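Everything on this sheet refers to the single structure shown next.
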Amino acid sequence: MLLLRLILLNAFRHRLRAVLTIVGVAVALTAFGLLRTVLDAWHAGVEASSANRLVTRNAVSLTQPLPFAYKGRIRQVTGVDIVAAGGWFGGIYLDEKNFFPNFVVEADDFFKLYPELIVSSEEQKAFLSDRKAAIIGRKLAERFHWRIGDTVTLRGTIYPGQWPMTIRAIYKGARPDTDETVLYFHYGYLDETMKKRAPTRAGQAGFFMIGIRDATRAAEISKDIDALFRNSQAETLTETERAFQLGFVAMSEAILLAITAVSYVVIAIILAVAANTMAMSARERLGEFAVLKTLGFGAPALAGMLLAESLLLALAGTALAMAVLPPLAKGFAVGLAQYFPIFFVSPTTIMLQAAFGLAVGVLAAAVPAWRVSAVRIADAFRRIG
Amino acid sequence: MDRPLIEISHLSKSYRRGDQVIPVLSDITFDIAAGEFLALIGPSGSGKSTLLNCIAGIDSLDAGSITVAGTDIATLSESELAVWRSRHVGFIFQFYNLIPVLTALENVELPLLLTSLSAAARRDHALAALAAVGLSDRTDHKPNQLSGGQQQRVAIARAIVTDPDIIVADEPTGDLDRVSAADVMALLRRLNADLGKTIVMVTHDHKAAEAAHLVRELDKGELRVAP
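Line by line, the protein sequences give chains A and B. Here the first sequence is numbered in our numbering, starting from 1 and rising by one per residue. Here the second sequence is numbered in our numbering, starting from 1001 and rising by one per residue.
Listed below in structure tokens is the structure:
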């Protein structure tokens, strides 16, 4: 008890310095947590992907379409369960600043492929039975205060013209990383309209979403699908949904690397600050450590005391950061909803915060603890007079 | 005849300052009997504090040996010396060297953390030691709430709380006024006379040295019996 009291009193002997160190650790670990959460948000699509889903797209570029007729041939490949055509619509609601992702899908199979989109059977039925219907995510509905029955008109950028549609369903995500900011509407609506407006662009799909029965056969099935269309006018590239999503992430790799680097630099800076605090504390109390050594406290005991003081400060800062991060991230999530639809603190981030807090505590004390335990009593007394 | 408690034989010690070797103690040989009260005097730089540190096992020897109650402490490792000090030596410093964040009682209790005593027993021992130095009413005071003389008495309580064989005191009155210094010397005399503690004291103060049974003078690292 006395030893614990001594450690506690020594840790907070210079209150301002101790508090500033704790706040410094807390700010650094909170910044680290936020940056990690931004990285997680970037990877949210990857994490939300299913091992049982493949995506087939044009081998040249994602912007090049594929003939819709491929669907039937893909369906015949052994191991393929479901195939749904889809595409990026890229429509704008009123103004470009109102950006949200919007896709066309073959709705029947789409719901089978994406069971994580939770929608009531009534709304699902309403959506499926109306060719000009749309289904939107809960967060998108909240953002624009849209309700079931509202008519929304998107201005086409890839597919010119005005595209009015009626909201028939609002889905919820089954998991926290399910994107609830997307609008989906019927592929049939797009295709039939394009037949009238620009017939050469009808009968095309942006990509095919494929459900497979056995995830372990994904590579083999992908190869089989691409083999079907080798040497055709539109060769395909089939990959897992995860790889497909990673392709998008890779486009921002330099930014992500920079954010990752900054998150670790923040930790390195706070480690230097905490190490300086402990070094100052040990240097100021060299005489006291010499006295304790004189009384019979061994080098491991002295090193242990300094380590405990360092851990106390670092872990207090860590606890503060762990308490502050989730509500702060929630605030960011609201402000950045347009850019990061999935923005929440993952358990891994919390664990990393704790691990780095612990590491800062241990490493900050390492050199001072070694110096204190190695100091010769007579030398210390001579130095302090 | 009883064997002396402390036997110092051909002790030599020097310090290095850059390339220079500065001899501090040269071929010191003498014994200290159990229950002795010895004062080491001498001018600054004569090596008296170094000799005291060697006897107390907090400084190493270049040559020779120091045997305390049959143990040659020069052969002990750093960790063995720490254990030996905690059991056999009580320390009194010129500037008290109390831990400023702890109360008088906690400062006295500190050396007992290295024993197997229970918390209650440690507290009882510390209270008894503070009572022995007349500070029962200052147990909860921090060092900065005590006078110099009181702080030195707390330091003396800390030195005796483990019931060591030897008490080493380095200029125990060096930072005290005359009245406080006389109180501290009276206390040391009492510890020696009543409890039979062997005391080795370094001092500049001839008045303090008068309290000792035996005074030895160090001059340029060599020992002689003081007149």
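Where a beta carbon is used, it is the ideal one built from N, C-alpha and C, also for glycine. Just so you know, these numbers come straight off a predicted model, no measurement behind them.
Practice item. Consult DSSP for leucine 292(A) and reduce its assignment to one of helix, strand or coil. Key: helix
Point to revise | Residues of the segment 1112-1123 of chain B with Cβ closer than 7 Å to any Cβ of chain A, in chain order | key: Leu1113, Leu1114 and Ala1119
Review point. How about methionine 1(A): is its C-beta nearer than 8 Å to some C-beta of chain B?
Key: yes
Exercise for review: Please confirm if phenylalanine 297(A) has its CB atom under 8 Å from at least one CB of chain B.
Suggested key: yes
Review point. Is the segment 356-366 of chain A in contact with the segment 1030-1040 of chain B, if contact means three or more CB pairs nearer than 8 Å?
Key: no
Check your understanding: What is the rounded straight-line gap between the Cα of leucine 154(A) and the Cα of serine 346(A)?
Key -> If I take the Cα positions, the gap works out to 34 Å.
Practice item. Over the uninterrupted alpha helix (DSSP H) stretch that includes tyrosine 70(A), give me the two end residues. Key: 70-75
Exercise for review: Within its chain, find whatever has a CB closer than 6 Å to the CB of methionine 1(A); leave out the 5 residues flanking it on each side and keep chain order.
Suggested key: Result list for methionine 1(A): empty, nothing under 6 Å.
Exercise for review: Please name the residues in the segment 1032-1060 of chain B whose beta-carbon is closer than 7 Å to at least one beta-carbon of chain A, in chain order.
Suggested key: Those would be Asn1053, Ile1058 and Asp1059, in chain order.
Check your understanding: From alanine 234(A) to isoleucine 221(A), what distance separates their C-alpha atoms?
Key -> 18 Å
Exercise for review: Excluding the 5 residues preceding and the 5 following tryptophan 42(A) in the sequence, name in chain order all residues of the same chain whose CB lies nearer than 7 Å to its CB.
Suggested key: Non-local beta-carbon contacts of tryptophan 42(A) in its own chain, meaning distances under 7 Å to residues more than five positions away in sequence, involve Val249, Ser252 and Leu256 in chain order.
Point to revise | Cutoff 8 Å: glycine 287(A) Cβ touching any chain B Cβ | key: yes
Review point. Are the segment 294-314 of chain A and the segment 13-25 of chain A touching by the rule of at least three beta carbon pairs closer than 8 Å?
Key: yes
Review point. Hey, how far is the Cα of isoleucine 167(A) from the Cα of aspartate 108(A)?
Key: 17 Å
Practice item. Using beta-carbon positions only, say whether leucine 1061(B) and alanine 1074(B) come within less than 8 Å of one another. Key: Cβ atoms of leucine 1061(B) and alanine 1074(B): closer than 8 Å.
**Study point:** Cβ-Cβ distance between alanine 303(A) and valine 372(A) below 8 Å
**Key:** yes
Point to revise | Cα-Cα separation between leucine 1187(B) and asparagine 1144(B), rounded to whole angstroms | key: 22 Å
Point to revise | the segment 1124-1134 of chain B in contact with the segment 1046-1056 of chain B per 3-pair CB rule at 8 Å | key: The segment 1124-1134 of chain B vs the segment 1046-1056 of chain B: no contact.
Practice item. May I ask you to report which of helix, strand or coil DSSP gives glycine 385(A)? Key: Confidence at glycine 385(A) is low in this model, with a pLDDT of 43, below 50, so the placement of that residue should be treated as unreliable; the coordinate-derived value is given next. Three-state DSSP puts glycine 385(A) in coil, outside helix and strand.
Check your understanding: When you compare only the Cα positions, how much space is there between valine 83(A) and lysine 125(A)?
Key -> 20 Å
Review point. Anyone know if the C-beta pair for arginine 175(A) and alanine 48(A) falls short of 8 Å?
Key: yes
**Study point:** Under the three-state DSSP convention, the category glutamine 1094(B) falls into
**Key:** coil
Review point. Chain A partners of glutamate 1106(B), CB-CB under 7 Å?
Key: Going along chain A in sequence order, the residues near glutamate 1106(B) (Cβ under 7 Å) are Leu2.
Exercise for review: Could you run through the segment 1062-1082 of chain B and flag, in chain order, every residue whose CB is less than 8 Å away from some CB of chain A?
Suggested key: Glu1078, Ser1079 and Ala1082
Practice item. Compare the Cα-Cα distances from glutamine 1150(B) to each of Pro1164(B), Asp1165(B), Ala1119(B) and Val1108(B) and report the closest residue. Key: Val1108(B)
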